[in-house]
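Colleague:
Residue numbers (the numbering used here): 234 to 657.
Laid out in C-alpha cells, this is it:
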C-alpha cells in the first residue's frame with residue numbers, strides 16, 4: 234500500500250515540478266528579475282500567511298480520525314476552517330509591513346484575498362490526507378500548477394507588457410476554484426464521521442496535538458522562509474528575484490523525498506508505530522544518498538543550467554541555486570525522518586532539533602553582509618539544514634532508544650524500489 238501510494242504521489246509530484254518549472258521560466262523571462270521579485274514577494278506573503286494560519290488543525294483532524302477517536306468532527310471542521318481564513322487575512326496584512334516596496338503595498342486587497350483562499354485550499358490539502366490513497370490530495374496539488382499555467386498562457390499572449398498583478402489575479406482564480414472543490418469533496422465523502430468506534434477524545438487533546446505539530450511546522454516554515462523574509466526586508470526586488478527563482482528551481486530535487494514523507498503520514502498517522510518506524514528508515518535510506526549525488530551534479534552545472542534556461546539576466550542566481558540544491562536534499566531528509574514522530578503521535582519531539590538549530594541561525598542574521606546578501610543567506614540555510622538533520626538523527630537513540638537510521642540502502646530496499654518502479 235505504501236509503495237503504491239508513494240509511487241502515485243511521486244509521479245504526481247514530478248508532473249507538478251515540471252509544470253511549475255515551466256511556469257517559473259515563463260514568468261521570469263516575461264517579468265525580468267525585478268518583476269519576478271515583486272511576484273514572488275506577493276506570493277510569499279499570501280502563501281506564508283495561509284500556511285501559518287493552519288495551526289495544525291487539519292493535521293490533528295487527520296490523526297484522530299485515523300486513530301478512530303470519537304469527536305464532533307463536523308463542528309471542528311466548520312470552526313477551524315473559519316478560524317484559518319480569518320487568521321490568514323490578518324497575517325497577510327501584517328506581512329505586507331515586511332516590505333518597503335510601494336508596488337507591493339498597492340496590492341493590499343488582492344494579497345489579503347489571495348491569502349484567504351490560499352488558506353482554504355491549504356486546509357483541504359492537509360485534510361485530504363484522511364484518505365490513505367491520497368487521490369484527492371494529488372488532484373489538488375496537480376490542479377493548482379496546471380490551472381496556474383493554463384491561465385498564464387493566454388495572459389502572456391494577449392496582455393503586453395505583462396505585469397505581476399495580472400498573474401496574481403490568475404492565481405487567485407485558481408485557488409478559489411480549488412477551495413470550492415475542497416468543500417465539495419468534504420461534503421460528498423462526509424469526512425466528519427461522528428460514530429467512530431474508538432474512545433472519545435476531548436477538544437483539549439485534539440488542540441494539544443494540533444499545537445504540538447503546529448510548533449514543528451511553524452519552526453519548519455521559519456527555517457525554510459526566514460531567508461526570503463530577511464531578503465524581502467534587506468535587499469532590493471532585483472536581488473529578491475534572483476533568490477526566489479533560485480530557491481524555487483532548487484525545490485525540484487526534493488520531489489522524491491517529499492512524496493515519500495507525505496505517503497508515510499497519510500498511511501500511518503495514528504496507526505502501527507512499529508511498521509511506521511521501519512518504513513521511515515527505508516524511505517530515508519533509498520532517497521538520501523541518490524538525491525545528494527544528483528544535487529552534486531546539478532551544482533557543478535549550475536551556471537550553464539541557469540543561463541541556458543532563464544537567460545543571462547539571471548546568471549547571478551547560479552551560485553545560490555547550487556548551494557540550495559544541497560540544502561533541499563538535506564532538509565527533506567530531516568522531514569522524512571521526522572514522520573516517525575509526527576505520524577507516531579509525538580510531534581512535540583520534532584521541536585527539539587528545530588528549536589536548537591534555529592536559535593543560532595536567527596542570531597547570525599544581523600551580521601550578514603549587505604552586499605550579495607542572497608548568496609550568504611543560501612549558505613546559512615545549508616548550514617542549519619545540516620545541523621537540523623544531524624540532531625534529528627540523534628533523536629532516535631536519545632529519545633526513542635532506537636539505533637540511529639542507516640544512510641546506506643540495503644538489499645531489501647533495492648527490491649522494494651523495483652516493486653515501486655513496476656507499480657508506478
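Glycine is no exception: its CB is placed at the ideal position from the N, C-alpha and C atoms. Remember, predicted model here, so these are calculated numbers, not experimental data.
Leaving out five residues on either side along the sequence, give the residues of the same chain with a beta carbon under 8 Å from the beta carbon of residue 433.
Modeller: Closer than 8 Å at Cβ, skipping near neighbours: 302, 303, 304.
Colleague: Just confirm the distance between the C-beta atoms of residue 411 and residue 373, as a whole number of angstroms; I'd bet it's less than 8 Å.
Modeller: At roughly 6 Å, the Cβ-Cβ gap stays under 8 Å, so residue 411 and residue 373 are in contact.
Colleague: Between 605, 641, 567, 648, which lies nearest to residue 619 when the distance is taken from Cα to Cα?
Modeller: Comparing Cα positions, the closest option is 567.
Colleague: Let's test the definition: count the other Cβ atoms within 10 Å of the Cβ of residue 323 and tell me whether it reaches 16, buried, or not, exposed.
Modeller: Exposed is the call here.
Colleague: Report buried or exposed for residue 406, applying the criterion of at least 16 other Cβ atoms within 10 angstroms of its Cβ.
Modeller: Result: exposed.
Colleague: Just checking my contact of residue 401 with residue 336 at CB under 8 Å: how many whole Å lie between their CB atoms?
Modeller: Contact doesn't hold; Cβ gap of about 12 Å is too wide.
Colleague: Give me whichever residues DSSP pairs with residue 419 in a beta bridge.
Modeller: Its beta-bridge partners do not exist; DSSP assigns none.
Colleague: Restricting to Cα atoms, I'd like to know which of 539, 645, 272, 571 is closest to residue 334.
Modeller: Nearest of 539, 645, 272, 571 to residue 334, Cα basis: 272.
Colleague: Tell me the rounded alpha-carbon separation between residue 249 and residue 517.
Modeller: Approximately 22 Å between the Cα atoms of the pair.
Colleague: Evaluate the contact criterion for the region 251 to 261 versus the region 281 to 296: three or more CB pairs, one atom per stretch, below 8 Å.
Modeller: No: fewer than three Cβ pairs fall under 8 Å.
Colleague: Any Cβ of chain B within less than 8 Å of the Cβ of residue 348?
Modeller: Here there is only one protein chain, and chain B is not present.
Colleague: Which residue marks the beginning of the alpha helix (DSSP H) containing residue 330, and which one marks its end?
Modeller: Run containing residue 330: none; DSSP gives neither H nor E here.
Colleague: Go ahead and label residue 636 buried or exposed: buried means 16 or more other beta carbons lie within 10 angstroms of its beta carbon, across all protein chains shown.
Modeller: Exposed: under 16 other Cβ atoms inside 10 Å.
Colleague: Going by DSSP in three states, residue 414 sits in which element: helix, strand or coil?
Modeller: Three-state DSSP puts residue 414 in a helix.
Colleague: With respect to the alpha helix (DSSP H) encompassing residue 481, which residues constitute its N-terminal and C-terminal limits?
Modeller: Residue 481 -> alpha helix (DSSP H) spans 470 to 483.
Colleague: Should residue 316 be counted as a contact of the ligand ATP given a C-beta to heavy atom distance under 7 Å?
Modeller: Questions concerning the ligand ATP fall outside what the structure shown contains, since it holds no ligand whatsoever.
Colleague: Tell me whether residue 647 is buried or exposed, calling it buried when 16 or more other Cβ atoms sit within 10 Å of its Cβ.
Modeller: Result: exposed.
Colleague: Which partner residues of residue 303 appear in the DSSP bridge assignment?
Modeller: DSSP lists 433 as partners of residue 303.
Colleague: For residue 253, I'd like the list of residues in its chain whose CB is within less than 6 Å of its CB, leaving aside the five on either flank, ordered along the chain.
Modeller: Correct list, in chain order: 378.
Colleague: DSSP state of residue 599, grouped into three classes?
Modeller: Here residue 599 sits in helix by DSSP.
Colleague: Which residue comes first and which comes last in the alpha helix (DSSP H) that contains residue 340?
Modeller: Where residue 340 is concerned, there is no enclosing alpha helix (DSSP H), given that its DSSP letter is neither H nor E.
Colleague: Touching or not, the region 557 to 566 and the region 477 to 492, by the rule of three or more beta carbon pairs under 8 Å?
Modeller: Touching, yes.
Colleague: Do you know whose CA, among 392, 251, 325, lies nearest residue 202's CA?
Modeller: This structure leaves residue 202 out entirely; the chain is present only between 234 and 657.
Colleague: State the DSSP-derived secondary structure class of residue 622, mapped to helix, strand or coil.
Modeller: In the structure shown, residue 622 sits in a helix (DSSP, three-state: H, G or I).
Colleague: Restricting to Cα atoms, I'd like to know which of 519, 556, 281, 326 is closest to residue 532.
Modeller: When each option's Cα is compared against that of residue 532, the closest is 556.
Colleague: Select from 418, 274, 469, 367 the residue whose C-alpha is nearest the C-alpha of residue 605.
Modeller: Taking only the C-alpha atoms, the option nearest residue 605 is 469.
Colleague: Cβ of residue 513 within 8 Å of Cβ of residue 572?
Modeller: In this structure, residue 572 lies closer than 8 Å to residue 513 by Cβ.
Colleague: For residue 511, which three-state DSSP category applies?
Modeller: Three-state DSSP puts residue 511 in a helix.
Colleague: Quick check: what's the CA-CA separation for residue 417 versus residue 608?
Modeller: In a straight line, the C-alpha of residue 417 is about 44 Å away from that of residue 608.
Colleague: Pull up the distance between the alpha-carbon of residue 493 and that of residue 344, whole angstroms please.
Modeller: Taking the straight line joining both Cα atoms gives about 32 Å.
Colleague: For a quick check, are the C-beta atoms of residue 363 and residue 298 less than 8 Å apart?
Modeller: Result yes, Cβ atoms of residue 363 and residue 298 sit closer than 8 Å.
Colleague: Can you tell me which of 315, 510, 550 puts its alpha carbon nearest to the alpha carbon of residue 626?
Modeller: For residue 626, the nearest C-alpha among the options comes from 510.
Colleague: Looking at residue 290 and residue 313, is the spacing between their C-beta atoms short of 8 Å?
Modeller: Going by C-beta atoms, residue 313 is nearer than 8 Å to residue 290.
Colleague: Looking at the structure shown, is residue 657 part of a helix, part of a strand, or coil, going by DSSP?
Modeller: At residue 657 the pLDDT is 46, less than 50, meaning the model places this residue with poor confidence and gives no usable figure here.
Colleague: Under 8 Å by Cβ, that's how I've got residue 455 and residue 598 pegged, so tell me the actual separation to the nearest angstrom.
Modeller: Not quite, the Cβ-Cβ distance comes to about 11 Å (not below 8 Å), so this is no contact.
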